[in-house]
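**Student:** One structure, pasted below without further comment.
Numbering (the working numbering), first residue to last: 777 to 941.
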């Protein structure tokens, strides 16, 4: 005689409640683990952010201390050139450049356009529209006394900018 056992776990209400309890327990444990992991990642990101903010503050402090340094000694050592001969430079921009130690064509020729952009941005929004990308090139020609080449270059410029086709 053979006895058949009814081994269907879904047939008993106790088995269903045990499975629900296990599923709920697994969900709670998963949530706790995920919560702990996300909080540790968030903490690490906050630490990195605070380090980056400290680096940024340090850079800003350094730039404030070094960017605007009048070079009165340089004025005594050199005879200033008329920087207004460079297309795109007017009296106010010449004054700004002088405040940052740029008095001659040679000094302007040796100055990176990115630094000139920084000077203009520090001076305010009314100077930010100027494009100094050709100023060192023009200044080099003026420094070297190549006035005809400078005039040819300036004829191809529009307000100190290379004319687009």
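Glycine included, every Cβ here is placed at the ideal spot set by N, Cα and C. Given the structure is predicted, the values throughout are model-derived calculations rather than measurements.
Taking the Cβ atom as the reference point for each residue, do residue 884 and residue 912 lie within a distance shorter than 8 angstroms?
**Tutor:** Yes, the Cβ-Cβ distance between residue 884 and residue 912 is below 8 angstroms.
**Student:** Are the CB atoms of residue 862 and residue 915 within a distance shorter than 8 angstroms?
**Tutor:** Yes, the Cβ-Cβ distance between residue 915 and residue 862 is below 8 angstroms.
**Student:** Roughly how many angstroms separate the alpha carbons of residue 864 and residue 918, rounded to a whole number?
**Tutor:** Between residue 864 and residue 918, the C-alpha separation is close to 14 angstroms.
**Student:** Just to check my reading of the structure: residue 892 and residue 908 have Cβ atoms closer than 8 angstroms, yes? What is that Cβ distance to the nearest angstrom?
**Tutor:** Residue 892 to residue 908, Cβ: 4 angstroms. Contact.
**Student:** Just the Cα atoms here: how many angstroms apart are residue 902 and residue 896?
**Tutor:** Residue 902 and residue 896: Cα-Cα distance of roughly 9 angstroms.
**Student:** Just reading off the alpha helix (DSSP H) that residue 894 is part of, what are its end residues?
**Tutor:** It spans 889-899 - the alpha helix (DSSP H) in which residue 894 sits, taken as one unbroken run.
**Student:** Exposed or buried, residue 845, counting other C-beta atoms within 10 Å across all chains shown (16 or more means buried)?
**Tutor:** Note that residue 845 scores 49 on pLDDT, short of 50, meaning its location in the model is unreliable; the coordinates nonetheless yield the value given after this. Burial call: exposed.
**Student:** Between 832, 922, 826 and 899, which has its C-alpha nearest residue 882's C-alpha?
**Tutor:** It is 922.
**Student:** By the three-class DSSP mapping on this structure, what secondary structure does residue 909 have?
**Tutor:** Correct three-state label for residue 909: coil.
**Student:** Kindly indicate which three-state DSSP category residue 837 falls into: helix, strand or coil?
**Tutor:** Residue 837: helix per DSSP, three-state reduction.
**Student:** With DSSP collapsed to three states, give me the class of residue 920.
**Tutor:** Note: residue 920 maps to coil in three-state DSSP.
**Student:** With respect to the alpha helix (DSSP H) encompassing residue 875, which residues constitute its N-terminal and C-terminal limits?
**Tutor:** Looking at the DSSP string, the run of the alpha helix (DSSP H) that includes residue 875 is 867-875.
**Student:** Under 8 angstroms between the Cβ atoms of residue 899 and residue 872?
**Tutor:** Their beta carbons are under 8 angstroms apart, which means residue 899 touches residue 872 by this criterion.
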